[in-house]
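So the structure is just underneath, and the comments pick up after that.
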Amino acid sequence: MLPFMLVAPQIAVTLVFFMWPAAQALYQSFLIQDAFGFKTEFVWFENFQILWADPYYTASFKRTALFSIAVAGLAMSSALVLAAMVDRIIKGVMAYQTMLIWPYAVAPVIAGALWVFMFDPTLGIFAYALNTIGYDWNYKLNGDQAMALVVISATWKQIAYNFLFFVAAIHSIPKSLIEAAAIDGAGPMRRFWTIIFPLITPTTFFLLVVNIVYAFFDTFGIIHAITQGGPAKATEILVYKVYNDGFIGLDLGGSAAQSVILMAIVIVITVIQFRYIERKVEY
Amino acid sequence: MKLGKYILGAITAASFAGGAYAQTEIQWWHAMGGANGERIDRMAAEFNAMQSDYVVVPSYKGNYTETMTAAIAAFRAGEQPAIVQVFEVGTATMMAAEGAVYPISDVMADSGTAFDQSVYLPAVVSYYQTPEGELLSMPFNSSTPVLWYNKDAFAAAGIESPPSTWDEVNMAAQKLLDSGMECGYSFGWQSWVMIENYSAWHDLPMGTQENGYAGLDARFTFNNDAVVNRLQSIADSQEAGIFKYGGRRGDSLSMFTSGECGMWMNSSAYYGAMVDQADFEFGQAMLPLDTDVADAPQNSIIGGATLWVLRGKDEGTYKGVADFMNYISSPEVQAWWHQETGYVPITTAAGELSAEQGFYESNPGTDTAIKQLSLNTPTVNSRGLRFGNYVQVRDVINEELEALWAGDKTAREAMDTAVERGNALLAKFERANN
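Going down the list, the sequences are from chains L and A. Position 159, counted from 1, in the first sequence is what the numbering used here calls 185; the numbers after and before it change by one each time, with no gaps. Position 160, counted from 1, in the second sequence is what the numbering used here calls 207; the numbers after and before it change by one each time, with no gaps.
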């Protein structure tokens, strides 16, 4: 009995905050309902069929994949470079680290607002600079520019987090290993690729999972503040579409169907990551 | 700031008083942030000070969409406010929810409050009436798009009077460019200004079934030649800098107030913002006429929001709601609101009062919106729109227009796709509400 009592709080939290809403979403995805909930029709999988037939939904899929890969890739690689560098500086390590960790404390919407101020086509200082050198910057009209802007802001926000983990991982590598390699004549690059990089793979793997999930869900605030999914859907990733259709459009069934699909994707990605990628990780 | 604190104090005091003397509390959810939010608080505070039976408690619930979604969610949970402010495109959704909304004519009749619909501006009430003429919600903040122009820039470019046709708009824009400006004109709320109002102004239907008034089976027809040709010509004029796109809603305001563009088509309700932000003389003129399409303008349609009364409260509350509605549509309150914000006065009396007070004489052009709305008796094409899922349809139109401005589509392609996607949304709404 005691073991059950001990896990009960955990199970209760999971049931109330995860299982129950998920079940609600699943049930709602089988309904076509008006906004106020007066008229309800049970339609089985029709909401899903409508989604698959919708070219804008499939396009949002591809866009999300591109966005997530770009954000996770950029955020992880630049954080790794910065973390490897911090290992080599001698003076002002604390200042350098503090500055790099700072962005993590900024709320996503605020981060978005900051980038809007800098890149607004009319008011932004960077927009002004870009226009001066002859580049026609207008992310409110150009979808690729809008995508680049949200990718950069989302990346900027996440670098701090990744940096922290990479620094800790690199610090935990025994100094003797690196020194031995140095004595054998291995240069900094060689030492990084043959010793540091393989030894931090558990951290890299963990960050990969976290970053993909971040790009999928937590970037909502940034996109909401910068582009609201525009122009012409160019930055409407899956989670933004759920919000748009459900909260703005009041199409609850369609929106619930999308969250169910999103839920399935995250489950699949996580399973794949743990099953196949984790095997290659050396602990 | 001081005013804000005073109001906050008044409201807090009033809410406490409510507990002590068993006054009936009336929740009012609204979507007016910033300065307009303070004005709303002031209205409520003044009403609360006037009588002792009711306390109106306004709360800001985010932008229009957020407020509407919040009210619907609250209704589903049985926690709805008595009054909620809903923007004009939410009308069809609210109307379809017959069990949730308490039509304003009924609120007035059931509580025995005298109510005369004929004192309201026809172009305002027609948007919110049933085909039988019953008024569903109380017009509150209504505006209409006008042509804002930079008087200083016009003088510098040697343009004597504001343009009244699209040809003149283009000519004026060219002169502005020649005088060194970066862009001729821009506009915001593009679906509302360039499609909904363009259609009404030229007496063209946007869809079948009297723009949705006559039935849920309405479908869009705004991919007609007039709209397509005008949009294509605007898109083509981007090359020369005559038109420049500056984003959705009011995002392009800064292009006008910073002096980048010399003309801007958007809501008359930007008046307050213009007074604050523009450091040049500005004026308002009527929307331009497309002389290829019509010989004279019809009337423009409104935007903005109305106050909907939600069911589920007791009789006493609705008596208070009726009194409050009467108070906010009184000429004094309306004239004050109109002069401060640029929203149109919803009653003829409020407009006349503003004229008596000399507001239009000291602020020429501020009556443009009323003139536009009351230019002619509204026709089936110009009294308003009642399409389901219209919030999403506006997004579709935004997206297709953005594809047009970016050069990815022609106006014909963009409008055909917009109509096709919009019709799918209408079909969905028809099904969910049948």
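Glycine included, C-beta positions come from ideal geometry on N, C-alpha and C. Remember, predicted model here, so these are calculated numbers, not experimental data.
A distance below 8 Å separates the beta carbons of Ile248/L and Pro134/L.
Counting only runs of at least 4 residues, the region 72-143 of chain L fully encloses the following alpha helix (DSSP H) elements, listed from N- to C-terminal order: 72-78, 81-112, 119-127. Contacts between Asp298/A and chain L, judged by CB atoms closer than 8 Å, involve Lys166 in chain order. With respect to Ile119/A, Phe62/L sits close: the two C-beta atoms are nearer than 8 Å. Chain L places a beta carbon closer than 8 Å to that of Arg123/A, counting this residue as a contact. For His197/L, the enclosing alpha helix (DSSP H) covers residues 169-197. The three-state secondary structure of Gly231/A, taken from DSSP, is strand. Of all residues in the region 320-336 of chain A, none comes within less than 8 Å of chain L when Cβ atoms are compared. Proximity of Asn436/A to chain L, defined by a Cβ-Cβ separation below 8 Å, is satisfied.
Per the Cβ contact rule, the region 73-80 of chain A is in contact with the region 120-129 of chain A (3 or more Cβ pairs under 8 Å). Identification of residues in the region 285-314 of chain A having a C-beta nearer than 9 Å to some C-beta of chain L yields Lys291, Tyr292, Gly293, Gly294, Arg295, Asp298, Ser299, Ser301, Met302, Ser305, Glu307, given in sequence order. Between the region 85-95 of chain A and the region 193-205 of chain A there are fewer than three inter-stretch CB-CB distances shorter than 8 Å, so the stretches are not counted as touching. For Trp76/A, no Cβ of chain L is located within less than 8 Å of the residue's own Cβ. Here Gly231/A is near Met310/A, since their CB atoms are less than 8 Å apart.
For Ile119/A, the closest Cβ of chain L is nearer than 8 Å.
Ser280/A sits away from Phe234/A, with the two beta carbons spaced by 8 Å or more. Within 10 angstroms of the beta-carbon of Gln381/A lie 16 or more other beta-carbons, which makes it buried.
Under the Cβ distance rule, Arg478/A counts among the residues neighbouring chain L, one pair being separated by less than 8 Å. Rounded to the nearest whole angstrom, the C-alpha separation of Met215/L and Gln439/A is 53 Å. With its beta carbon at least 8 Å from every one in chain A, Leu92/L lies outside the interface. In this structure, Trp248/A is the residue among Thr388/A, Gly389/A, Trp248/A, Lys475/A with its C-alpha nearest to the C-alpha of Leu420/A.
Unbroken beta strand (DSSP E) stretches of 3 residues or longer found wholly inside the region 241-323 of chain A: 308-314, given in chain order. Taking CB atoms only, Ala352/A has no neighbour in chain L less than 8 Å away. Counting the other Cβ atoms within 10 Å of the Cβ of Ser347/A gives 16 or more, which makes it buried.
Only residues of its own chain outside the window of five on either side were considered, and among them Phe191, Phe192, Ala195 have a CB closer than 7 Å to the CB of Thr229/L, listed in chain order. Contacts with chain L at 8 Å (Cβ-Cβ) include Gly146/A.
By the criterion of a C-beta distance shorter than 6 Å, Ala121/A is surrounded in its chain by Gln127, once the five residues flanking it on both sides are discounted. Within the region 157-206 of chain A, complete alpha helix (DSSP H) segments of at least 4 residues are found at 169-172, 198-203, given in chain order.
Lys259/L reaches chain A at Glu446, counting residues in chain order whose Cβ is nearer than 7 Å.
Listed in chain order, the positions of the region 35-65 of chain L with a beta carbon within less than 8 Å of a beta carbon of chain A are Ile58, Gln59, Asp60, Ala61, Phe62, Gly63, Phe64, Lys65. Nearest to Thr138/A by alpha-carbon distance, out of Gln176/A, Ala287/A, Gly80/A, Gly398/A, is Gln176/A. With a threshold of 8 Å between beta carbons, Gly160/L makes no contact with chain A. Apart from the 5 residues on each side of it in sequence, Ile238/L sits with its Cβ closer than 7 Å to the Cβ of Ser94, Ala98, Ile295 in its chain, given in chain order.
Cβ neighbours of Ser211/A within its own chain (closer than 8 Å, five residues either side excluded): Ala332, Met333, Pro335, Leu336. The region 330-417 of chain A contains, as complete alpha helix (DSSP H) runs of 4+ residues, the segments 362-375, 378-388, 395-403, 406-409 (chain order).
For Gln439/A, the neighbours in chain L by C-beta distance under 9 Å run, in chain order, Asn270, Asp271, Ile274, Gly275, Leu276, Asp277.
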